[in-house]
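Data block below; observations after.
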Amino acid sequence: MKYLAFSIVFILTAFTRVTAQNLDGIDKSLSLSKMKTRARIAEETGDIYTALFYYEEVVRNDSSDLKALYQVAEMQRFTRNYKAAEVTYGKIHEIAAADYPLAQYYQGLMQKMTGRYEDAKQTFSEFRKNSAALADKTFKATLARDISGCDSGITYRDFPQNTQIKNAGKSVNFPHTEFSPVILDSTTLAFGSLRIDSVIYYDTRGEHYEKQPVRQLYEAKKVKGQWVEKGLLEAINDPAMDMGNFVYSPTTDRYYFTKCTKNHHGKVSCAIYYSERVSGKWSHPSKLPDPINIEGYTATQPTIVIDTTSSSAATTTPKNMPPRKTGGNKPVPKPVVNTIEYLYFVSDRPKGKGGLDIWYTSYNASKKTWNEPTNLAVANTPETECTPFYHVPTQTLYFSSNGLVNAGGLDIYKLEKDGRRFGRPENLSFPVNSPQDELSFVLADNAKTGFFVSNRPGGTPFFHETCCDDIFSFEVIPPPPFVCTLDLSVLDVAAKNNCDGELLNINQVNLKTKAAEKDTVRLSSCKYTVSLAQHVKYTFFINKPGYVTDTLSFETRDMCATPTITKSLTLVPVSVSMKNSEPVIETPVEGKAFVLKDIQYETNQTDLNDEAKAAIDNILIPFLKEHPTDKIIISSHTDDVGSHKYNENLSDQRALKVMQYLIQKGISAKQIQAKGYGETKPIASNINPDGSENEIGRSINRRTEFLISK
């Protein structure tokens, strides 16, 4: 998307000061026509905030100007003000959907970018039903990818990795933007930043040109657990140009880094430079030649990969970093024999897949030339790929992309190397990724700590909470072992221990990957014990001729409350479970009464426990949402302990609790009827033939039945 390209190639947010007295940077005395002209010119030159301010002023003066209002939404999106953009797009869709058909799509996209995945999916689905824009195959594929991205986001949100995230702090992160963290050693961090903390307006016209601040490279030290900025990296910075994305090569003893410039049309162009150490001093920066830097195209964000078969090869680890000050006298590391240096970088050059792609080339040491770059096809898409980082110890390439199935805008991915080839991109999931943008991922040699850049809430905002990129640190925390055992007992109402040798069906669905497995085991002594896996939905049932199928279903999302879960299945003969020739079944079927086994109550209690809510969430609510015209009758029953009046009131309250929970979950009250019957409709005997109490029968009678009808 356009606004992503702005941040990646360092579009400067240049505000044009029209009059010295006007401190907010725009001239409100202009006519609406001239304001729109100013807004259009600002937009064309990459001055998005000035464009936004002018369009907002136009709308304030003429609320009927829908073209200006739509441009407000567009500028809000480009400046990553997702919440405001969602509201504005929604307003446009509500009043002029036919004139602005894409407003609903962008409304859904902004919902996705704020993490409201369920709302976004619904908005995308409504858009897909009604939009003629889907005749465009490319756009149709984009929409499908966005919907899948919402599903991924829900999974990442519900099953985050065990990683601690922390903002690098206000000494590193200023209100504007930070980028390109580089780990120099365990206590030293280099990074890029635009060090301004307030809105300043500059006249960029030729006759009144004012020098604007540029992005520079800085160094920070870790002091008492906090990162503290220590000043500029003098050896590399060019105070006249935007600087960023530097990397050191121990093989050639060079720094590679990016310089960017912006022309009067607002187009940013970046090129990769290098500085090498000669006689202990760093040389004046030189621009890498063609075929890396091509006239008219951007080359940026270099990263170095050292390929060698020697175990003593140099790497890009901090121990090989040279002094960071000009004139350092540290001995030059000797290049390793038979070592090939690869340069990975980002470019919009021809023959790519589209947008910004990742490319790589190798250095011919004997000829001192670079080979023709190759497109890293396994990573690239027609959208944007950027900020590659190669982690030598694990032979893994990390990069950001907005062209895959993303949970946010730019997500961070990794490519693991298997021999000479990379595998498929793998999303790093939450909490490293988020619904917003993540890029510039770097990982320490220990593969447990590192940094990345994000515009997520919780940073140091300039205009709004997601406007600007901050540097975040992370630490991978080993998860505690998941220890959970199921002790399952099977009870046969008709004959004790008549279940030996019966086949127990076991269905498993991985809640993260949705992968399903099925298995069967034969019962021994009517019991089954198994160690459970985390994040799995388990379903256990027995199909026995002449018996009602009882089902046990639960999920292991988090740690077990206790190391052992004790559950049971009850085999009830059809002859016992029949009532007025209507069998009790366990899944929603129109015209049939069914019981959700996990809706059980403590003695004399009416509240739904977590298992009961899970059963309703997983079985009943999806069915009712798929059949919104169907009605459901809730019938609650008790055993025969206590008076009829007490049991009737207790069952009424239990049925009402279920009804209230369904309404709370979005089911219409018009679909629901609820009534308690007390002990008047048993489906099993409360008394054994010998006159003793039948606890199994009583437990069967304490139930809540559901009946679906039109």
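Letter by letter, the sequence shown follows residues -20 to -1, 1 to 690 in mature numbering (1 follows the signal peptide of the UniProt record, and there is no 0).
We put the CB at the ideal spot given by N, CA and C, even for glycine.
Computed from a prediction, not measured in an experiment: that's the story for all the values here.
Query: My output table needs one value for residue 729: the three-state DSSP class, helix, strand or coil.; Result: Residue 729 lies beyond the stretch modelled for the chain, which goes from -20 to 690, so this question has no answer here.
Query: Compute the Euclidean distance between the alpha carbons of A121 and L630, then round it to the nearest angstrom.; Result: 54 Å
Query: In terms of DSSP beta bridges, what is Y518 paired with?; Result: Q488 and F534
Query: Does the structure place the segment 221 to 229 close enough to the segment 237 to 253 that three or more beta carbon pairs sit under 8 Å?; Result: yes
Query: Between the segment 242 to 259 and the segment 335 to 354, can you find at least three pairs of beta-carbon atoms closer than 8 Å?; Result: no
Query: If you draw a straight line from the alpha carbon of V433 to that of N273, how long is it in whole angstroms?; Result: 26 Å
Query: Would you list the residues sitting across from M223 in a DSSP beta bridge?; Result: K239
Query: Helix, strand or coil for Q633, going by three-state DSSP, please let me know.; Result: helix
Query: Please classify N407: does DSSP put it in a helix, a strand, or coil?; Result: strand
Query: S511 to T500, Cα distance in whole Å?; Result: 15 Å
Query: Quick check on F452: does DSSP put it in helix, strand or coil?; Result: strand
Query: How do the segment 132 to 141 and the segment 398 to 415 stand: do at least 3 beta-carbon pairs fall below 8 Å, yes or no?; Result: yes
Query: How is the alpha helix (DSSP H) around R683 delimited, first residue to last?; Result: Looking at the DSSP string, R683 is not in any alpha helix (DSSP H); the run it does join, the beta strand (DSSP E), is R683 to S689.
Query: Just to confirm the assignment: which complete beta strand (DSSP E) runs, minimum length 3, are found wholly within the segment 101 to 153?; Result: 143 to 147
Query: Pull up the distance between the alpha-carbon of F431 and that of I579, whole angstroms please.; Result: 46 Å
Query: Let's see if you can read the secondary structure: which residues bound the alpha helix (DSSP H) around P602?; Result: I601 to E606
Query: According to the Cβ coordinates, are L483 and V470 closer than 9 Å?; Result: no
Query: My understanding is that T143 touches F369, with C-beta atoms under 8 Å, so please give their C-beta distance in whole angstroms.; Result: T143 to F369, Cβ: 17 Å. No contact.
Query: Leaving aside the five residues before and after Y508 along the sequence, list all residues of the same chain whose C-beta is less than 7 Å from its C-beta, in chain order.; Result: L468, L484 and V501
Query: Out of curiosity, what's the CA-to-CA distance linking F107 and K92?; Result: 14 Å
Query: Between T232 and I252, which are expected to be in contact by the criterion C-beta below 8 Å, what is the C-beta distance as a whole number of angstroms?; Result: Between I252 and T232 the Cβ distance is about 14 Å, and since that is not below 8 Å, they are no contact.
Query: What do you get for residue 693, buried or exposed, if any count of 16 or more other CB atoms within 10 angstroms of its CB means buried?; Result: Residue 693 lies beyond the residue range present for the chain, which begins at -20 and ends at 690; the question has no answer from this structure.
Query: Between which two residues does the beta strand (DSSP E) carrying A654 extend?; Result: I652 to G656
Query: For P373, count the other beta carbons within 10 Å of its own beta carbon; 16 or more makes it buried, fewer makes it exposed. Which is it?; Result: exposed
Query: Among R175, T586 and R404, which residue has its Cα nearest to the Cα of L384?; Result: R404
Query: For the alpha helix (DSSP H) containing A77, list its first residue and its last residue.; Result: It is not in any alpha helix (DSSP H) - A77 carries neither H nor E in the DSSP assignment.
Query: For the ligand GTP, is there any heavy atom lying closer than 8 Å to the beta carbon of G677?; Result: What this structure holds is no ligand at all, so the ligand GTP is not there to describe.
Query: Could you work out which residue in V258, K498 and T493 is closest to I486 when comparing CA atoms only?; Result: K498
Query: Using the C-alpha atoms, what's the distance from I457 back to M90?; Result: 32 Å
Query: Quick one, which of N147, V208, D391 and K101 has its alpha-carbon nearest S128's?; Result: K101
Query: Would you report the Cα separation of H264 and L213, rounded to the nearest angstrom?; Result: 14 Å
Query: To the nearest angstrom, report how far apart P330 and Y340 are at their CA atoms.; Result: 14 Å
Query: Ends of the alpha helix (DSSP H) at A53?; Result: L46 to F58
Query: Helix, strand or coil for V381, going by three-state DSSP, please let me know.; Result: For the sequence presented, residue 381 should be read as Ser rather than Val. S381 falls in the strand class under three-state DSSP.
Query: Run through DSSP, which three-state label would V501 get?; Result: strand
Query: Would the segment 649 to 668 and the segment 601 to 614 be scored as touching if the rule is three or more Cβ pairs under 8 Å?; Result: yes
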